[in-house]
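One structure is given below, encoded as structure tokens.
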Amino acid sequence: MSLLSGHCLCGAVTVSFEPLKDALGACHCEMCRRWTGSAFLEIDAKPGSLTYDGPVKSYASSDWAERAWCDSCGSTLWYHLTLPGHDYYSLSAGLVENAGGLPLKTEIYIDVKPDGYAFAGDHEIKTKAEVEAGFAAFVEGTKP
Numbered sequence: 001m002s003l004l005s006g007h008c009l010c011g012a013v014t015v016s017f018e019p020l021k022d023a024l025g026a027c028h029c030e031m032c033r034r035w036t037g038s039a040f041l042e043i044d045a046k047p048g049s050l051t052y053d054g055p056v057k058s059y060a061s062s063d064w065a066e067r068a069w070c071d072s073c074g075s076t077l078w079y080h081l082t083l084p085g086h087d088y089y090s091l092s093a094g095l096v097e098n099a100g101g102l103p104l105k106t107e108i109y110i111d112v113k114p115d116g117y118a119f120a121g122d123h124e125i126k127t128k129a130e131v132e133a134g135f136a137a138f139v140e141g142t143k144p
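Position 81 (the sequence shown) corresponds to 81 in UniProt numbering; numbering is contiguous.
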């Protein structure tokens with residue numbers, strides 16, 4: 001897969017990464033909706049491939065993750081899993097031109113999304129319980 005590059009709204013933060021897979025994801029959890037003002041549309045980065053420059057700030061939004069933004073313009077940058085031994089970043093699809101040209105393939109927290117949101121197309125969906133069971137496995141160390 002080819003390298004994607006992008007930047008925040010003001011251009012102060014630049015990013016470059018290789019997508020983990022040929023896919024966009026959408027998260028409807030309450031934290032993502034409060035953080036972005038909508039669903040978080042994201043691209044997972046291949047471990048070790050993310051490089052960035054600029055005024056990045058982050059907030060520990062849970063015991064296992066942080067969310068980052070540009071300290072100049074406030075643009076959403078990424079969700080980062082902070083558990084030891086994991087190098088997982090979900091970057092905001094809005095950072096790269098045309099969302100990298102990637103198709104939407106996964107939509108999570110589907111059962112808590114606002115009624116007015118509807119993404120077209122055939123893609124995998126997961127409920128809050130399904131997603132949180134996967135996170136619990138990461139936190140307990142039972143998944144790689």
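Built from N, CA and C at the ideal position, the CB exists for glycine as well.
When rounded, the separation of the alpha-carbon atoms in L83 and A136 is 12 Å. With distances taken between CA atoms, K46 lies nearest to E18 out of D71, E18, Y117, C32. Counting C-beta pairs with one atom in each stretch, the segment 76-95 and the segment 51-66 have three or more that are closer than 8 Å, which means they touch. Take W69, set aside five residues on each side of it, and the residues of its chain with a beta-carbon closer than 7 Å to its own are K57, S75, T76, L77, in chain order. In this structure, the straight-line span from the alpha carbon of S16 to that of G100 is close to 12 Å. A residue is called buried once 16 or more other Cβ atoms fall within 10 Å of its Cβ, and D22, having fewer, is exposed. The continuous alpha helix (DSSP H) containing W35 extends over residues 30-36. The criterion of a C-beta distance shorter than 9 Å is satisfied by L104 and H123.
Across the structure, S72 and G85 are spaced so that their CA atoms are roughly 31 Å apart. Looking at V13, A26, A12, the one whose alpha-carbon comes closest to that of A118 is A26. With a minimum length of 3 residues, the unbroken runs of beta strand (DSSP E) contained wholly in the UniProt domain "CENP-V/GFA" (4-118) fall at 4-7, 14-17, 24-27, 40-44, 51-53, 56-60, 65-70, 76-81, 88-92, 104-108.
L24 places its beta carbon 9 Å or farther from that of A120.
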